[in-house]
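Protein chains in written order, with my numbering: chain A, 36 to 375; chain B, 36 to 375. Read through the structure below, which is laid out as structure tokens, and then see the notes.
2 protein chains.
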Amino acid sequence: MPKRVTAKEVAKALGISTMTVSRALNNRPNVDPKTRQKVLETAQKLGYFPNYIAKSLVLRKTNTIGVVVPEITHSFFPEVVRGIEEISYQSGYDLILSHSAESGIREKSAIETLVSKQVDGLLISTAQTVSDYTIYQQVMRRGIPIVFYDRCVKNIGANCVSIDDEESATLITEHLIQHGYQRIGHISGPSQVLIGQARKQGFIKALQKSNLTVDADLIIEAGFHEKDGYSAMQTLLQLPPGKMPRAVVAVNDPAAFGAMKAIYEHNLRIPEDVAIVGFSDDIRAELMRTPLTTIRQNAYEVGRRAVQKLIDQIENKTSSVEEIIVKGELVIRNSCGCTG
Amino acid sequence: MPKRVTAKEVAKALGISTMTVSRALNNRPNVDPKTRQKVLETAQKLGYFPNYIAKSLVLRKTNTIGVVVPEITHSFFPEVVRGIEEISYQSGYDLILSHSAESGIREKSAIETLVSKQVDGLLISTAQTVSDYTIYQQVMRRGIPIVFYDRCVKNIGANCVSIDDEESATLITEHLIQHGYQRIGHISGPSQVLIGQARKQGFIKALQKSNLTVDADLIIEAGFHEKDGYSAMQTLLQLPPGKMPRAVVAVNDPAAFGAMKAIYEHNLRIPEDVAIVGFSDDIRAELMRTPLTTIRQNAYEVGRRAVQKLIDQIENKTSSVEEIIVKGELVIRNSCGCTG
DNA sequence: TTGTACGCGTTATCAA
DNA sequence: TTGATAACGCGTACAA
Numbered sequence: 036m037p038k039r040v041t042a043k044e045v046a047k048a049l050g051i052s053t054m055t056v057s058r059a060l061n062n063r064p065n066v067d068p069k070t071r072q073k074v075l076e077t078a079q080k081l082g083y084f085p086n087y088i089a090k091s092l093v094l095r096k097t098n099t100i101g102v103v104v105p106e107i108t109h110s111f112f113p114e115v116v117r118g119i120e121e122i123s124y125q126s127g128y129d130l131i132l133s134h135s136a137e138s139g140i141r142e143k144s145a146i147e148t149l150v151s152k153q154v155d156g157l158l159i160s161t162a163q164t165v166s167d168y169t170i171y172q173q174v175m176r177r178g179i180p181i182v183f184y185d186r187c188v189k190n191i192g193a194n195c196v197s198i199d200d201e202e203s204a205t206l207i208t209e210h211l212i213q214h215g216y217q218r219i220g221h222i223s224g225p226s227q228v229l230i231g232q233a234r235k236q237g238f239i240k241a242l243q244k245s246n247l248t249v250d251a252d253l254i255i256e257a258g259f260h261e262k263d264g265y266s267a268m269q270t271l272l273q274l275p276p277g278k279m280p281r282a283v284v285a286v287n288d289p290a291a292f293g294a295m296k297a298i299y300e301h302n303l304r305i306p307e308d309v310a311i312v313g314f315s316d317d318i319r320a321e322l323m324r325t326p327l328t329t330i331r332q333n334a335y336e337v338g339r340r341a342v343q344k345l346i347d348q349i350e351n352k353t354s355s356v357e358e359i360i361v362k363g364e365l366v367i368r369n370s371c372g373c374t375g
Numbered sequence: 036m037p038k039r040v041t042a043k044e045v046a047k048a049l050g051i052s053t054m055t056v057s058r059a060l061n062n063r064p065n066v067d068p069k070t071r072q073k074v075l076e077t078a079q080k081l082g083y084f085p086n087y088i089a090k091s092l093v094l095r096k097t098n099t100i101g102v103v104v105p106e107i108t109h110s111f112f113p114e115v116v117r118g119i120e121e122i123s124y125q126s127g128y129d130l131i132l133s134h135s136a137e138s139g140i141r142e143k144s145a146i147e148t149l150v151s152k153q154v155d156g157l158l159i160s161t162a163q164t165v166s167d168y169t170i171y172q173q174v175m176r177r178g179i180p181i182v183f184y185d186r187c188v189k190n191i192g193a194n195c196v197s198i199d200d201e202e203s204a205t206l207i208t209e210h211l212i213q214h215g216y217q218r219i220g221h222i223s224g225p226s227q228v229l230i231g232q233a234r235k236q237g238f239i240k241a242l243q244k245s246n247l248t249v250d251a252d253l254i255i256e257a258g259f260h261e262k263d264g265y266s267a268m269q270t271l272l273q274l275p276p277g278k279m280p281r282a283v284v285a286v287n288d289p290a291a292f293g294a295m296k297a298i299y300e301h302n303l304r305i306p307e308d309v310a311i312v313g314f315s316d317d318i319r320a321e322l323m324r325t326p327l328t329t330i331r332q333n334a335y336e337v338g339r340r341a342v343q344k345l346i347d348q349i350e351n352k353t354s355s356v357e358e359i360i361v362k363g364e365l366v367i368r369n370s371c372g373c374t375g
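Pasting the structure below:
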């Protein structure tokens, strides 16, 4: 076992006290430049590394942020993490990454561990099955700030950075309306998931703003995956000719891909027979036979804004509770009917 | 500032010593069941959370693993992280994630911070610009085990888990040879990057095994991006008809995409005029006009094997130094000349 | 400028 | 079964 080099060793080697070593190493003003020089040299020579664990214990600060991610393979989240990482690195914070795997139980246990590890703050995107918010409140009562990102919990006094799902859905639906389509369908997400609800609301709002009738038969509750979009589109395509939608807003890109497959299998053209748009700008969207018009979500920016807010809170620069919305961007390709 | 609940508070509330509280909370055998029960209850009631920082200080163990990732947005790495996370979670370790952004300087500073935070072990995929290995050796001399993953540093006594680039390149090249192609070109990576070298070696080895001549003019040193593949292919397409390759092995999928673009722009067909294969099974590979035959790298497995090895080392279950190779898998689509 | 005493919250050790 | 004491490595507060 290699013996560890502590500040005490460095002090002993120089015949001075550990305090002087500590001061020299932390660039405190009140230390003789010559002493500092010697301390730095011998620290270097002895291979001294400060023990942040000990430091954290006394300072009650770990310079560590806990990040809870519900699904690390979903490409949105690595992007968020990159944004988080960029800002936290600049501010001198490290990240403990926890994966809840969409399980409320794992999320709770992850949060408890992070609190025990004394993180200075928490960045959380809630798992889909979470319904009990007491753990969040407990944590905040301990003085540990939480900023939710992407999937938020409202009304518990925590900050929140999210994509404007509703407004973006309105935006893209209105784009279809501008093409002159009157009968527009919606392949929605599961009704209990917040982002699915928001997008559906945005869809409906766009129709209402243009005084188009909202036909419940044209709104199919499906899911976020390709197969969900495929079967939902099957249902829409079996409607009588007069009822069939001329355009479709899918809850996300994978669902749109599934829907496109169903459309092609019915020997219909996109966008000539049925226009379709997605949501999230999947990397495959522009590679489709007819490139998919969609909404690009700025995951990177969500991450940046969320940590920034958290760090501000940790360092007491701000105490206001706000809901930061990162706008989605309309990515126009051809599936909506646009050309070129 | 909310007052923190420590073991001492719990002890005081019950009129017992902190040691008994500690023992009860850690499920030690030598504590009266009734006492334990009372301790657990009041700990719960008072909202006690153990302070792992203090615990780590005395136990000299943090149950934390440092992970250094060179590029978090490259889809390979989130997959690896997921594998790491799965095993580490099961074993009770948390992950501190650091991003080197392909910079040797940032990597070094990340490692230093992780060591200072007293991680129990390190998982590192080296940044591209790294040439100085002393930091790795320093860390290992302190008794902190390192397992390299994907991008390894050999001959310094560290474990290593990687994809078998060379063998996989041989595999996919031989697949082309079996199609009967004789003149096969290679769009390679930058010569200083290890995985580029290995793939090129594997390519050459396959030709040699089949007694095909290795023509230096058919090996174009390029890069890992689409534009690199595009311009390299331009060069190959400008060779005189008798010299032009009948098939091409690209160093990775993006390079292959670029090459395909160049081929189409020359009004040639894939695979009828030029066959092409890639490497890494990018999500877009199967969506190309002619779906791309490629090698699927099991990033998830790389992560799992790497942490497992690291944890074994941390817990002294093993001390042997080995090089674990995760095999690549040939994904046959149509760009190689296969049909159906 | 430098040093001493003490505390951060926990556990190991030894004694009761 | 339980408790007192010391220690983990460092920084604060005060004294020299």
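Virtual Cβ for every residue (Gly too), placed ideally from N, Cα, C.
- Those residues of the stretch 57-74 of chain B placed with their C-beta closer than 9 angstroms to a C-beta in chain A do not exist.
- The CB of G82 of chain B comes closer than 9 angstroms to the CB of Q173, R176, R177 in chain A, given here in chain order.
- With respect to chain B, the C-beta atom of T41 of chain A has no partner C-beta closer than 9 angstroms.
- Around the beta carbon of E307 of chain A, fewer than 16 other beta carbons lie within 10 angstroms, which makes this residue exposed.
- Counting C-beta atoms within 10 angstroms of its own C-beta, D288 of chain B has 16 or more neighbours from the protein chains shown and is therefore classed as buried.
- In this structure, DSSP gives H210 of chain A a helical state, which the three-state scheme calls helix.
- Non-local beta-carbon contacts of E358 of chain A in its own chain, meaning distances under 7 angstroms to residues more than five positions away in sequence, involve C195 in chain order.
- Taking the Cβ atoms as the reference, Q269 of chain B lies roughly 18 angstroms from A251 of chain B, outside the contact range of under 8 angstroms.
- Proximity to K362 of chain B across B:H214, B:T205, B:I122 peaks at B:T205, based on C-alpha coordinates.
- As DSSP reads the structure, V93 of chain B sits in no beta bridge.
- Within the stretch 130-157 of chain B, the residues whose Cβ lies closer than 9 angstroms to some Cβ of chain A are L130, I131, L132, S133, H134, A136, R141, A145, E147, T148, L149, V150, S151, K152, Q153, listed in chain order.
- G231 of chain B: member of the alpha helix (DSSP H) spanning 229-244, first to last residue.
- Along the stretch 299-318 of chain A, the positions whose C-beta sits under 7 angstroms from a C-beta of chain B are I318, read in chain order.
- From the beta-carbon of I88 of chain B, the residues of chain A found nearer than 8 angstroms are I88, S91, L92, T97, K152, Q153.
- Going by beta carbons, K235 of chain A and G220 of chain A fall outside the 9 angstroms limit.
- Fewer than three pairs of CB atoms, one per stretch, sit closer than 8 angstroms, so the stretch 92-101 of chain B makes no contact with the stretch 62-74 of chain B.
- The alpha-carbon of G215 of chain A is positioned some 14 angstroms away from that of S370 of chain A.
- Here the alpha carbon of T53 of chain B sits roughly 15 angstroms from the alpha carbon of Q72 of chain B.
- Within the model, the alpha-carbon separation for M295 of chain A versus V284 of chain A is close to 11 angstroms.
- Residue burial is scored here from C-beta neighbours: Q332 of chain B has at least 16 other C-beta atoms within 10 angstroms and is therefore classed as buried.
- Annotation: E76 of chain A to Y83 of chain A spans about 10 angstroms, alpha carbon to alpha carbon.
- In the three-state reduction of the DSSP assignment, I359 of chain A falls in the strand class.
- S133 of chain B sits away from D155 of chain A, with the two beta carbons spaced by 9 angstroms or more.
- Among the CB atoms of chain B, none fall inside 9 angstroms of the CB of I359 of chain A.
- Beta-bridge annotation (DSSP): E120 of chain A is not paired with any residue.
- Taking I131 of chain A as reference, the option from A:Q343, A:R176, A:E120 with the minimal CA-CA separation is A:E120.
- Linking Y265 of chain B to C373 of chain B through their CA atoms gives a straight-line distance of about 23 angstroms.
- Note on P276 of chain A: under 16 other CB atoms within 10 angstroms of its CB, so exposed under the neighbour-count rule.
- For the 9 angstroms CB-CB criterion, I198 of chain B and I360 of chain B form a contact.
- Per DSSP, L158 of chain B lies in no alpha helix (DSSP H) segment; the continuous beta strand (DSSP E) that holds it begins and ends at 156-159.
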